[in-house]
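Worksheet: one structure, shown below.
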């Protein structure tokens, strides 16, 4: 019986494609051959991919490797001309600017370009792959290039990555303006906004005024006359669901009442058309002929004229058409309005405009 022993061997050739060239560039300056001959990085085996080094000021404590770490110290992020350890408030000598930063993938964009920096680098809100930035005092909107009103010298928590998921087993609440004072003890006099800005598009101009969308021409009567050009803000309020539903419900009611009014007008018009169709009135010539022929002015057709045959025919046709139209359109119209109400405005409908889970003030 031959004795079998386990022998640790190195891979001689790559057994899989390291990266798809059309999607990503290699995050290492090692060739595939060099990487496969030294360490594969698979299942806990060391991976000798080269990564950037972190600039470490003496005032900070860094836990972990350079490329993936937790830094506890003072607020610093991004590069700043004339400063060795980057930007934000602590670099400017401001007090009470403590910071905790969690980074995974230091200078990740440079790694994937195959351009590993030769010197240590500062953390970056642009180049790092994923980051959680917790600062006691930060110029948060400037450092993270946030659109909208520029908030400075405030405590902040920023999470940035390619993709972010916030998952709760129960509920998620986003609340603004819950305290009467900020982290510096200064009074908060208004409730702050909750703004969702897809694409980080600019919402204010250089003077801080709200940016506007291109002008559009009004096609319906409203606050602006029909045909007049008007503009709307880039950043717009989110409608409140129950109030929107109440508004639309009221509109449906008003449209239904307008339909009832039109129905009554049709009925009145039908009665008027019937009266015109069969109309007769006293006629002097007819009364004179009756007086001469019979001795009484009303013996000949009651002294009245004869109805117009053409008017009678057209009136009858018009009456039939109106009855058919009322039966066809009015009933169906009311049924359609009720269907709209039950489909989109009822809370128990699966097509309701009201979200069952997402709510806002």
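Numbering (this note's numbering), first residue to last: -2 to 358.
For each residue, glycine too, the CB sits at the ideal point set by N, CA and C.
Quick one, which of the options has its alpha-carbon nearest residue i's?
i: residue 174; options: 66, 184, 144 and 201; result: 184
i: residue 331; options: 350, 252, 353 and 207; result: 252
i: residue 277; options: 141, 301, 178 and 148; result: 301
i: residue 311; options: 299, 288 and 270; result: 270
i: residue 206; options: 231, 254, 189 and 194; result: 231
i: residue 64; options: 151, 77 and 127; result: 127
i: residue 188; options: 201, 195 and 171; result: 171
i: residue 233; options: 200, 258 and 257; result: 200
i: residue 113; options: 104, 75 and 282; result: 104
i: residue 204; options: 282, 137 and 145; result: 145
i: residue 129; options: 139, 66 and 345; result: 66
i: residue 265; options: 179, 319 and 148; result: 319
i: residue 275; options: 46, 313 and 329; result: 313
i: residue 71; options: 40, 60, 133 and 125; result: 133
i: residue 304; options: 292, 139 and 273; result: 273
i: residue 157; options: 180, 176 and 124; result: 124
i: residue 328; options: 260, 181, 149 and 137; result: 260
Short of 8 Å in beta carbon distance, which residues of its chain neighbour residue i, apart from the five on each side in sequence? Order them along the chain.
i: residue 249; result: 334, 337, 338 and 342
i: residue 296; result: 287 and 290
i: residue 350; result: 238, 241, 242, 245, 341 and 342
i: residue 359; result: Because the chain is modelled from -2 through 358, residue 359 falls outside the range shown and cannot be assessed.
By Cβ distance, which residues of its chain are closer than 6 Å to residue i, with the 5 residues on each side in sequence left out?
i: residue 246; result: 342
i: residue 290; result: none
i: residue 229; result: 210
i: residue 364; result: Outside the displayed span of the chain (-2 to 358) sits residue 364, for which this structure offers no information.
If you count every other CB in all the chains shown that lies within 10 Å of the CB of residue i, and 16 or more means buried, which is it?
i: residue 225; result: exposed
i: residue 243; result: exposed
i: residue 100; result: buried
i: residue 197; result: exposed
i: residue 284; result: buried
i: residue 235; result: exposed
i: residue 279; result: exposed
i: residue 167; result: exposed
i: residue 307; result: exposed
i: residue 121; result: buried
i: residue 102; result: buried
i: residue 84; result: buried
i: residue 7; result: Residue placement at residue 7 cannot be trusted, given a pLDDT of 46 that sits under 50; what the coordinates show is reported in the next sentence. Classification for residue 7: exposed.
i: residue 86; result: buried
i: residue 177; result: exposed
i: residue 119; result: buried
What are the partner residues of residue i, as DSSP defines its beta bridges?
i: residue 238; result: In DSSP, residue 238 forms no bridge with anything.
i: residue 71; result: 95
i: residue 131; result: 97 and 154
i: residue 66; result: 61 and 100
i: residue 118; result: 51
i: residue 84; result: 74
If you drop the 5 nearest sequence neighbours on each side, which residues of the same chain put their C-beta closer than 7 Å to that of residue i?
i: residue 347; result: none
i: residue 69; result: 57, 58 and 97
i: residue 88; result: 73, 77, 80 and 82
i: residue 20; result: Residue placement at residue 20 is poorly supported in this model, since its pLDDT is 40, which falls under 50; the coordinates are not used for a value here.
i: residue 117; result: 50, 51 and 52
i: residue 344; result: 351
With a threshold of 8 Å between beta carbons, is residue i in contact with chain C?
i: residue 122; result: Reference to chain C is not applicable here, since this structure consists of a single protein chain.
Using a Cβ-based criterion (distance less than 7 Å to any ligand heavy atom), does residue i qualify as near the ligand SAM?
i: residue 259; result: In the structure on display, the ligand SAM does not appear, and there are no ligands present to speak of.
#### Entry: Given 8 Å, three or more beta-carbon pairs between the stretch 46 to 53 and the stretch 89 to 97
no
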